[in-house]
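Protein chains in written order, with the numbering used here: chain A, 1 to 438; chain B, 439 to 525.
Backbone N, C-alpha and C fix where the C-beta goes; we use that ideal spot for every residue, glycine too.
Accompanying notes for the structure given below.
Right under this line is the structure:
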């Protein structure tokens, strides 16, 4: 009996300079495959056919293995829907904890209002008690220490961490933590304290080269911060031997950065390229609210396509690995959709969005009781079915919605994806990883 | 120092229960995801005072418990030699 196949609906083909790169949004970066020139015509014929009879060739089998070709009977949309539910309901408890609303910086685009408010003692108790009483429900626990500037509340981090580590060890559940920080207080003592709290990842923001960073990210008194942050990162590079502590350097960029991306890259590649724990992560400055950022809207980058094209030409050791999460299965949808992800405000309010705490879905009490409004919770988890998304190749990565906040708070359901930008990101990934050739 | 029992204890701390007298085991058969893996490595490094090098920070190193124990033994011996040179 003849077996028939078809091309996957999640495929994308990027042609540049005579090279063909294949990507599949279900397979993510592991699916990336280069098609050599002498096979392009054959692969094009297969991937552009409605129905393909089984071909007894190793290349055809390879394309099946990588997910580019699937059995004709397979309903990929149903598989996508199943995997979406499986991904978003993965029972790992992920808490984003606002340690404090205070911050020692006044960044030009920040949305925070910097109330001098720390995570209340009864909320700290609530986090510990919630984990203690509910840990059996989860397969692991991860805490993301956030703020404000979380390193202004090191005592709070240590206090909660000590208890959570003990509970997780007793109950035999893995525990990890990360910190999102401006890096100014990431001094040697605090690094050691964080490592004792099982922090394995530091997300540090440095907005480009010194000149631009010290315009955008200054202390409360207006003084520059670049040198101190770099000094702290160099300490980690030179003195922290554990390879489990990784550092992503996030740069929030505007049009001002475009002209000196090469200098920016060279600087970080020279300083940190030899240490694989360090990576770069570029994001455009965006309006997350507040008044400060309104002064900069003329500098916003509307899409990252041009940026990624420039980055392709920068050949060094340090890589933009965090940017490639956008290409992974589920990587392009916000973590706010994860069923078991909760953002805890200083007052115990629970929300789903890390940046916007205004749309609360519940409250955490000191005894560990998490009161949730189930109707609101489901709004963040489910999405409206949109026909243009159902047939889209990228729905394996975005799961048909990038930002639930846009839909819930602003009633905006339009697709925000720029496919030219995605193609550029695919191209950058293909030139970063050692990808297979067919 | 009983390295085998320490490693088995650290595995147990992240929910992977292996019998102490088990012959070689593929730890990855226990559904080790990235959080479990990193949590285990952090625990091992703290318990034994070693650092697992970059090239070994993949879950492949857990394909063989005995293989992992050999790696850990080597790292402990390397540390001991470094310390005796410094003294």
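Check the Cβ of residue i against every Cβ in chain B and list those closer than 8 angstroms, keeping chain order.
i                     : result
residue 176 (chain A) : 473, 476, 477, 480
residue 276 (chain A) : 492
At a CB-CB cut-off below 7 angstroms, which residues of chain A make contact with residue i?
i                     : result
residue 490 (chain B) : 243
residue 483 (chain B) : 242, 244
What did DSSP end up calling residue i once you bin it into helix, strand or coil?
i                     : result
residue 142 (chain A) : strand
residue 76 (chain A)  : helix
residue 14 (chain A)  : strand
residue 28 (chain A)  : strand
residue 71 (chain A)  : strand
residue 130 (chain A) : helix
residue 496 (chain B) : coil
residue 321 (chain A) : helix
residue 213 (chain A) : helix
residue 265 (chain A) : helix
residue 38 (chain A)  : helix
residue 161 (chain A) : helix
residue 114 (chain A) : coil
residue 465 (chain A) : In the structure as shown, chain A begins at 1 and stops at 438. Residue 465 (chain A) is therefore absent and cannot be evaluated.
residue 455 (chain B) : coil
residue 425 (chain A) : helix
residue 400 (chain A) : coil
residue 341 (chain A) : strand
residue 53 (chain A)  : strand
residue 502 (chain B) : coil
residue 379 (chain A) : helix
residue 174 (chain A) : coil
residue 242 (chain A) : coil
Identify every residue that forms a DSSP beta bridge with residue i.
i                     : result
residue 33 (chain A)  : A:22, A:436
residue 284 (chain A) : A:253
residue 372 (chain A) : A:362
residue 98 (chain A)  : A:146
residue 92 (chain A)  : A:140
residue 219 (chain A) : A:105
residue 202 (chain A) : A:179, A:247
residue 279 (chain A) : A:248
In chain A, which residues lie with their C-beta within 8 angstroms of the C-beta of residue i?
i                     : result
residue 450 (chain B) : 172
residue 495 (chain B) : 243, 244
Measuring alpha carbon to alpha carbon, tell me which residue in the options is nearest residue i.
i                     : options                    : result
residue 206 (chain A) : A:226, A:199, A:219, A:192 : A:226
residue 477 (chain B) : A:176, A:291, A:112, A:134 : A:176
residue 426 (chain A) : A:111, A:61, A:325         : A:325
residue 87 (chain A)  : A:429, A:382, A:224        : A:382
residue 465 (chain B) : B:441, B:449, B:494        : B:449
residue 220 (chain A) : A:148, A:374, A:7          : A:148
residue 419 (chain A) : A:438, A:393, A:372, A:399 : A:393
residue 273 (chain A) : A:292, A:135, A:247        : A:247
residue 250 (chain A) : A:281, A:349, A:270, A:182 : A:281
residue 85 (chain A)  : A:333, A:44, A:154         : A:333
residue 74 (chain A)  : A:107, A:331, A:42, A:51   : A:51
residue 360 (chain A) : A:308, A:410, A:350        : A:350
residue 167 (chain A) : A:254, A:146, A:138        : A:138
residue 79 (chain A)  : A:61, A:143, A:9           : A:9
residue 406 (chain A) : A:331, A:373, A:287        : A:287
residue 323 (chain A) : A:300, A:398, A:283        : A:283
residue 110 (chain A) : A:172, A:204, A:32, A:290  : A:290
residue 457 (chain B) : B:489, B:513, B:442        : B:442
residue 501 (chain B) : B:451, B:453, B:475        : B:475
residue 374 (chain A) : A:125, A:339, A:72         : A:339
residue 421 (chain A) : A:372, A:389, A:306, A:413 : A:306
residue 473 (chain B) : B:499, B:447, B:515, B:452 : B:452
residue 64 (chain A)  : A:99, A:43, A:82, A:77     : A:43
residue 277 (chain A) : A:285, A:257, A:318, A:267 : A:318
Which residue comes first and which comes last in the beta strand (DSSP E) that contains residue i?
i                     : result
residue 292 (chain A) : Run containing residue 292 (chain A): none; DSSP gives neither H nor E here.
residue 61 (chain A)  : First-last for residue 61 (chain A): 58–65, but that is the alpha helix (DSSP H), not the beta strand (DSSP E).
residue 3 (chain A)   : Where residue 3 (chain A) is concerned, there is no enclosing beta strand (DSSP E), given that its DSSP letter is neither H nor E.
residue 349 (chain A) : 349–351
Return yes when at least one heavy atom of the ligand SAM lies under 7 angstroms from the C-beta of residue i, else no.
i                     : result
residue 234 (chain A) : This structure simply doesn't include the ligand SAM, nor any ligand for that matter.
What residue range does the alpha helix (DSSP H) around residue i cover?
i                     : result
residue 309 (chain A) : 305–312
residue 195 (chain A) : 188–196
residue 410 (chain A) : 404–410
residue 474 (chain B) : 472–486
residue 387 (chain A) : 387–390
If the cut is a Cβ gap below 7 angstroms, which residues of chain B does residue i touch?
i                     : result
residue 142 (chain A) : 473
residue 84 (chain A)  : The premise fails here: residue 84 (chain A) is roughly 18 angstroms from chain B at the closest Cβ pair, so nothing lies under 7 angstroms.
residue 169 (chain A) : 451
residue 200 (chain A) : 476, 480
So with CB distances below 9 angstroms, who are the chain B contacts of residue i?
i                    : result
residue 92 (chain A) : 471, 473
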